[in-house]
Every structure is written in C-alpha cells, then in structure tokens.
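In this text, residue positions in the sequence shown follow our numbering: the first is 0, and each later residue adds one. Ideal Cβ positions, reconstructed from N, Cα and C, are used throughout, including at glycine. Read the structure below first, then the notes.
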Amino acid sequence: MSSLHALLSACQAEQEPLLQQAHERVALWDNWLLPVSGASPAGEDLGYDDDFQQMREEVNKLTGADTELVCRLAEKLLTTTAKDIRVVTYYCWAKLHREGEGGLADGLELLAGLLKRFGAQLHPRRERSRKAALEWLAGSRIVDSLSLYPEVVRSDAHRTVGALLLMAQLAEKESEESRPQLGGLFNALVSRLVSAGGVDAVVPQNASENDPVCSATQPHAPELSRITSGQDLLTQGRTLAAYLREQSGGWLAAHHLMKSLRYDTLADLPAMAGDGRTRIEPPKADQRALLKRLYLQQSWSEILEQADSLFSRGANHLWLDLQWYIHQGLVKSSQGVLADIITADLKGY
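Here's what the structure looks like:
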C-alpha cells in the first residue's frame, strides 16, 4: 500500500473524496455490471471462447493492435458471456492506448465495479490465475502505453487514483497472499505525475512527442476547441504556432507563443531526486545527434525548424542548448535582430 499512498500524495488529494467519486463513477457502468444470467451471474469460463482468443491475439501483437476491436469485444463478452478480469484489464489497456489516462480511468472504474459487485464469482476463479490477471495491469504493456501520454490532467489523475483506492479497499477482504501487487503501475503513475510537474501545473512540464493535428498548411486559420486542461492548452498552442510559422514574418510570434506557454507557466523548480538532479527525462540521444549534424552541415533553416519543434515536446523547454541552436541558426542566416531578441529573452527569464 505504501506506493499507493505515494501516488495519493503525488495527486495532492484526500482519500475519502476520491473514493466517493469512484463509487459514483462505478454506477455509470450499470449496463456492463448486470448479471449474465440468473443461473450464472458471472457467466462461464472464457478459456475456449473465440472472441476471447481473438482479443488476446490483438493485445499480444507487438505493433498494429486493433484497440477499437479490443474495446468492442470487451463490451460483448462482459455483457453477454462472462465477467472476466482478463477481459477488463485488456479493455483498460486498449482504452489507455487510444485515449490516454482518461481511458485507463474508465477501465479501472469498470474493474472496481466488477470486483465490488461479483467478487469471488469473477473469472478466472483460481486464486493464482486471478491474481496474475490483476497484476497484468502493472506489466510493461500498460506502462509502455502510459508513457505515450506524459501530460497529466488533474481530473483524470484523480479518477485513476480513486479507482485504485477502491480496488485496494475491496482487496482488504482477501488474504495477504492473494492480493495483487500493483507497485509497477503505482510507480509509473507517480513518476509520470512528478515529471509533468504535478496535477496543478498550468502546462505539463513533460509534453507529448506527437505532432498536433492542425491545418497549418491550409490558407485559413486552424479551428480551436474549448480548453479544459493544460494538455489541451499546450496542444492548441502548438496548432497556433504551426499556423503562425506558415505566415510571412510569423516565426517570432510563433516562437514567443510557445516560449510563453512553456516558461511563463512554470511556478516551481522541477522536483529533485535524492542526488540533487531533477526527475525530468533528459533529451533523447537522437535529438542531440540531429541538431549536431544539422549544425555541422550548416543547415540553419532546418536547425530553427527542428529546435522550435523540439522545444514544444517532452521536457525540452528545460534543455537550454535549444536556445543556443536557435541563436546560432539566426546569426548564421543573417537574422541578427531576431538573434538579439532571443538573447534578451533568456536574460529576462
């Protein structure tokens, strides 16, 4: 439980409100939680079920898994065939892989609801198999997909922790030996929270590496939607910056927009580890190598493009080498006025 308590602390929330919210969220899954039949509420074992085998094959694919199919099969199996922990954990992964932590929270709330309503009737019923099915949540499949979404949204983080707290509360009725060990998942969630700057960060410190879907190459301005989180703010900021770079004389405005989002929203220093270093992930080796190669090739315009792109991703805004490369790209391409502005910006920060 200690790592779960660490996760609760990292979320800066109280246990009881999160548990209350989890109970309320579980009620939203009532249609999925109905008994399969009166004679057998949890249905039959899925060991030889074709849909279950197809689901496992998709989940076990190294690349190209059809997560939409996994979600459809999960709903079909859980509502018509069997209440099975393995199906729900696969659903957790598919939702996470498709939607980020909000999808993971959905799956965990469903799992908590099934554990609460069906308990020992859930499949698989052998203690060892049941424990292994739950511990799959702490394995590399879930953790790897979680790493695709480094940005933290407060409401999603609270939902995730609330569902895990409810699951832990339900597990207290079982023997110590049969309780699942989910430390790997807890630790991954804590690390992600710390790297993102916590749940209260206006803009996540550790941002996604994925490109935004935008219309920067179109003649009209990109469409924006309502902003509900720091992740949304950063994503739409990228969209606006991409559009500005396509406009004549728009580079500086785009650069300052992203710099404002990533620097002016920093309220505290990044969290430190025991050795005095931050827990922020360092720049990737291929990113360092790319900029060095472009510098040696004297590809100044591409240096500017790549440095600006990298600045908006990961925790690269804390990598000051990017500002040096931007300055060099401007100086070497005879844009001294803009280079002086970059220098002045750094002095201001």
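Quiz item: What three-state label does DSSP hand aspartate 267 in the structure shown?
Solution: coil
Quiz item: The alpha helix (DSSP H) with lysine 172 in it runs from where to where?
Solution: Here lysine 172 belongs to no alpha helix (DSSP H), and DSSP marks it neither H nor E.
Quiz prompt | Local conformation of alanine 81 per DSSP, three classes | solution = strand
Quiz item: In whole angstroms, what separates the C-alpha of cysteine 91 from that of alanine 111?
Solution: 12 Å
Self-check item: Close-in-space but distant-in-sequence residues of the same chain around leucine 32 (CB under 6 Å, 5 per side omitted)
Solution: Gly112, Arg116
Quiz item: Buried or exposed: which applies to histidine 157, given that a residue is buried once 16 or more other Cβ atoms fall within 10 Å of its Cβ?
Solution: buried
Practice problem: Report buried or exposed for alanine 266, applying the criterion of at least 16 other Cβ atoms within 10 angstroms of its Cβ. | Solution: exposed
Self-check item: Nearest-angstrom Cα separation, counted from aspartate 44 out to asparagine 30
Solution: 20 Å
Exercise. Quick one: measure Cβ to Cβ for valine 330 and alanine 343, integer angstroms, because I've assumed they're closer than 8 Å.
Key: Not confirmed; about 14 Å, so no contact.
Quiz prompt | Alpha carbon of glycine 101 to alpha carbon of leucine 147, nearest angstrom | solution = 13 Å
Quiz item: In or out: isoleucine 341 buried (at least 16 other Cβ within 10 Å) or exposed?
Solution: buried
Quiz prompt | Outcome for arginine 85 when other beta-carbon atoms lying within 10 angstroms are tallied against a minimum of 16 | solution = buried
Quiz item: tyrosine 324: buried (16+ other C-beta within 10 angstroms of its C-beta) or exposed?
Solution: buried
Self-check item: Whole-angstrom distance between phenylalanine 185 and asparagine 315, CA atom to CA atom
Solution: 25 Å
Quiz item: Got a sec? Which residues, its chain only, sit under 6 Å from isoleucine 141 by beta carbon, not counting five neighbours each side?
Solution: Trp92
Quiz item: Quick one, are the C-beta atoms of glycine 197 and valine 160 less than 9 Å apart?
Solution: no
Quiz item: Roughly how many angstroms lie between the CA atoms of arginine 414 and arginine 312, to the nearest whole one?
Solution: Summary: the structure shown does not reach residue 414, with the chain confined to residues 0 through 348, and so no result is reported for it.
Quiz item: Cα separation between leucine 103 and arginine 55?
Solution: 18 Å
Quiz item: Using DSSP with H/G/I as helix, E/B as strand and the rest coil, what is glycine 335?
Solution: helix
Quiz item: From alanine 9 to glutamine 168, what does the alpha carbon distance come to, in whole angstroms?
Solution: 19 Å
Quiz item: Taking one C-beta from the region 252-259 and one from the region 232-244 each time, how about it: are there three or more such pairs within less than 8 Å?
Solution: yes
Quiz item: Secondary structure at glycine 273, three-state DSSP: helix, strand or coil?
Solution: coil
Exercise. Could you check if glutamate 13 is buried or exposed, using at least 16 other CB atoms within 10 Å of its CB as the buried criterion?
Key: exposed
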